[in-house]
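Residue numbers (my numbering): 2 to 529. Note that CB positions come from ideal geometry on N, CA and C, so glycine has one too. Written out below as structure tokens is the structure these notes cover.
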Amino acid sequence: MKKIFFLTLITTLLLTSCDDSTDGLGGSLTDVADNVEFYTNEFNVSSSSVKGTSLGDINARSNYAYLGKMYDSETDSYITADFMTQVVPLSNQFLNSYNPVSMFASIDSIVVYDDEGTLLPIGKNLSDEVRQKKMQYLKADSCYLTFYVADFDGDSTAQMSLAVKELSQPYVESKDYPISFNPEAEGMIRTDAGAVNALRTYSIKNMVVEGTAKTTKHSHYISIPLNKPYTGRDGNTYPNYGTYLMKQYLDESAAYHSGYNNQVTFLKQVCPGFYLKHIGGEGALSNITATSLTVYYRVSYPASQDPTAIHNVQALLTGTEESIQHSTITDSSVDDLVTAANNSDEYTYVKSPNAIYTQLTFDVASIMKDHEDDSLTTVRIFLPNLDNLRDGDYAQSPPTTLLMVHADSLSRFFSEKQVSDYKTSYLATYSSSVGGYTFNNISSLVTKMYREWQKSGKTIEEYSADEQTQNWNKVYLVPVETTYTTITTSSVLTKVSHSMALESSRLKMGTADNGAIKASVIYTRYKQ
2 MKKIFFLTLI TTLLLTSCDD STDGLGGSLT DVADNVEFYT NEFNVSSSSV
52 KGTSLGDINA RSNYAYLGKM YDSETDSYIT ADFMTQVVPL SNQFLNSYNP
102 VSMFASIDSI VVYDDEGTLL PIGKNLSDEV RQKKMQYLKA DSCYLTFYVA
152 DFDGDSTAQM SLAVKELSQP YVESKDYPIS FNPEAEGMIR TDAGAVNALR
202 TYSIKNMVVE GTAKTTKHSH YISIPLNKPY TGRDGNTYPN YGTYLMKQYL
252 DESAAYHSGY NNQVTFLKQV CPGFYLKHIG GEGALSNITA TSLTVYYRVS
302 YPASQDPTAI HNVQALLTGT EESIQHSTIT DSSVDDLVTA ANNSDEYTYV
352 KSPNAIYTQL TFDVASIMKD HEDDSLTTVR IFLPNLDNLR DGDYAQSPPT
402 TLLMVHADSL SRFFSEKQVS DYKTSYLATY SSSVGGYTFN NISSLVTKMY
452 REWQKSGKTI EEYSADEQTQ NWNKVYLVPV ETTYTTITTS SVLTKVSHSM
502 ALESSRLKMG TADNGAIKAS VIYTRYKQ
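Rendered as structure tokens:
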């Protein structure tokens, strides 16, 4: 075993253990160099492919939602994505002298016509009789549900069709929904004749709203009109969905007027949310980054100098952290892909959204042999990426980020919404320059594996055969999305979730003999 010395590491060890005094620093460095030994070695790491859903539900909580249908030549199947979403009212929507802070303008200032086309009175001091009549004839000009597309996979010219359906109940923010969760099968879709049921045909390249073509300088979006007659839960029929929302807000006698007081009540009583379902076409999968619901109407108010001037205004409801988006992914053929990979002896998969993970097994006993009393300073793993099997113009990219987590901690990591602590869980980003993923130092995890085995008092054969501890030296590599938040001037990791993107990569398969994946280890010990 080759003995080497690292002055940088010595300096770091010294500075983290000394007091504020720097007296004798030069001599101290010499003393450390004379008394600390460093050793290196390499060990083969074994790997295999595992179907993600075989380890439990894959939580579809993500920053993005997905919509569309694409052919995946790796699985020789189609991937279909639908999603459900919620919107909530925002404060400070309408500012004027009547209502300093409100979702909609006051009924006094809203432009309303009766059945004969007569403009009903506008002003500050309207009688109750006039207000009631305005409420009777109140009508939103239009209402649109809009989905913003941050990115897409596939053909931007592919003709696609979707249906917007109304949820009969909100999904629960605190509940984890797997990617296989289907709100239709779970009875969460309102199906009566008066419910929202809108259809739209679109292509990503030629998305238009109100006849205005989008340019490459703007983000793409899909806007679906909700302007057909709508029947609310109260049994009343409204000219359109926007009118329903306005009346629930403005009419104090309305059944759900109080629902606007807070977001949770609003979701339960006024607008549970929507289900966006792919119904036709193939070749594109849209990455939905945000959702909004816009109600257009008109007002007239004295602040304009001309009290008779009519102004077009809008009320906006949108998604927030509390109103999550959830994707439902359909792709049932990953079993064959896992089997093919594990029979190849050449590669393993990391793939999303219907995930395949790579499992790594560490030879902890060999790593610690003859180093039981040494410190495991560094354990570095490099995972070489191979070219994907998928052919064509729309080949999937390797996952941007991989999570390494202990096999027995996988479910808890996501259900408890943990983030990587670089002690028992780690992140690595794909690097095209080196052609793979590098986990620079997982020494604390390997040390923990070793200590727990030693604590058991069992032989390695007994410990590995025990059903409770059979995964003791195994980890999973999972494609994930990460969210960072800027706090002061620092970027802090605040969220790690399963990747819902179309990502796929083959990694070289490691075995106990072939050396395709190695753990590069550095030990330290004090001279006796």
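To which residues does DSSP link residue i through a beta bridge?
i: lysine 475; result: Thr362
i: arginine 381; result: Ser521
i: phenylalanine 414; result: Paired residues: none, contrary to the question.
i: glutamate 167; result: Phe275
i: tyrosine 72; result: Tyr79
i: lysine 509; result: Tyr348
i: glutamate 482; result: Ser498
i: isoleucine 488; result: Ser491
i: proline 226; result: Tyr145
i: lysine 52; result: Ile357
i: threonine 319; result: Val89 and Ser293
i: phenylalanine 1; result: For residue 1 there is no data in the structure shown, the boundaries of the chain being 2 and 529.
i: leucine 387; result: Arg507
i: phenylalanine 440; result: Ile382
When you compare only the Cα positions, how much space is there between residue i and residue j?
i: glutamate 43; j: proline 354; result: 34 Å
i: valine 165; j: threonine 487; result: 36 Å
i: leucine 478; j: arginine 526; result: 31 Å
i: leucine 246; j: asparagine 441; result: 54 Å
i: serine 63; j: leucine 120; result: 47 Å
i: serine 367; j: glutamine 455; result: 14 Å
i: threonine 41; j: tyrosine 524; result: 6 Å
i: tyrosine 250; j: phenylalanine 148; result: 24 Å
i: threonine 244; j: leucine 139; result: 7 Å
i: aspartate 531; j: lysine 70; result: With the chain covering only 2 through 529, there is no way to say anything about residue 531.
i: phenylalanine 105; j: arginine 191; result: 26 Å
i: tryptophan 473; j: alanine 199; result: 52 Å
i: glycine 124; j: histidine 312; result: 15 Å
i: threonine 460; j: asparagine 343; result: 29 Å
i: asparagine 263; j: serine 110; result: 25 Å
i: glutamate 130; j: aspartate 152; result: 52 Å
i: glycine 260; j: serine 78; result: 44 Å
i: arginine 381; j: glycine 233; result: 60 Å
i: alanine 194; j: glycine 188; result: 16 Å
i: lysine 418; j: glutamine 133; result: 49 Å
i: glutamine 39; j: lysine 528; result: Correcting the residue type first, residue 39 is phenylalanine in the shown sequence and not glutamine. When rounded, the distance between both Cα atoms is 10 Å.
i: tyrosine 114; j: serine 107; result: 16 Å
i: valine 150; j: asparagine 288; result: 5 Å
i: arginine 391; j: tyrosine 423; result: Because the pLDDT of arginine 391 is 46, which lies under 50, any placement of that residue in the model is unreliable, and the number read from its coordinates should be weighed accordingly. One C-alpha to the other measures close to 33 Å.
Confirm, please, whether the CB-CB distance from residue j to residue i is below 8 Å.
i: proline 184; j: asparagine 60; result: no
i: serine 204; j: glutamine 160; result: yes
i: proline 480; j: serine 500; result: yes
i: phenylalanine 383; j: valine 46; result: no
i: leucine 286; j: alanine 82; result: yes
i: serine 444; j: threonine 425; result: no
i: leucine 503; j: isoleucine 223; result: no
i: threonine 495; j: valine 420; result: yes
i: valine 365; j: valine 447; result: yes
i: serine 169; j: proline 273; result: yes
i: tyrosine 358; j: glycine 57; result: no
i: asparagine 237; j: alanine 141; result: no
i: proline 400; j: glycine 436; result: no
i: tyrosine 438; j: leucine 403; result: yes
i: serine 505; j: glutamate 167; result: no
i: tyrosine 239; j: lysine 248; result: yes
Note the first and the last residue of the continuous beta strand (DSSP E) segment covering residue i.
i: methionine 85; result: 78–86
i: tyrosine 297; result: 285–300
i: methionine 405; result: 402–407
i: glutamate 38; result: 37–45
i: leucine 428; result: 426–430
i: threonine 244; result: Here threonine 244 belongs to no beta strand (DSSP E); instead the alpha helix (DSSP H) covers 242–251.
i: histidine 258; result: Run containing histidine 258: none; DSSP gives neither H nor E here.
Could you round the C-beta distance between residue i and residue j to whole angstroms and report it? I think they count as a contact, below 8 Å.
i: lysine 509; j: tyrosine 348; result: 6 Å
i: leucine 277; j: cysteine 144; result: 16 Å between Cβ atoms; not a contact.
i: histidine 279; j: leucine 68; result: 6 Å
i: glutamine 1; j: valine 37; result: It is not possible to answer for residue 1, since the shown part of the chain is limited to 2 through 529.
i: alanine 316; j: valine 296; result: 5 Å
i: leucine 318; j: valine 522; result: About 55 Å; that fails the 8 Å criterion.
i: aspartate 252; j: methionine 136; result: 5 Å
i: glycine 511; j: serine 48; result: 4 Å
The alpha helix (DSSP H) that contains residue i, what's its start and end?
i: glutamate 453; result: 444–457
i: glutamate 462; result: 461–466
i: threonine 267; result: Strictly speaking, residue 267 in this sequence is phenylalanine, with threonine absent from that position. Taken as a continuous stretch (DSSP letters only), the alpha helix (DSSP H) holding phenylalanine 267 covers 264–270.
i: threonine 158; result: Unbroken run through threonine 158: none, as it is neither H nor E.
i: tyrosine 138; result: 129–138
Can residue i be considered in contact with the ligand FAD, in the sense that its beta carbon sits closer than 7 Å to one or more heavy atoms?
i: threonine 238; result: In the structure shown, the ligand FAD is absent, as is every other ligand, since no ligand is present at all.
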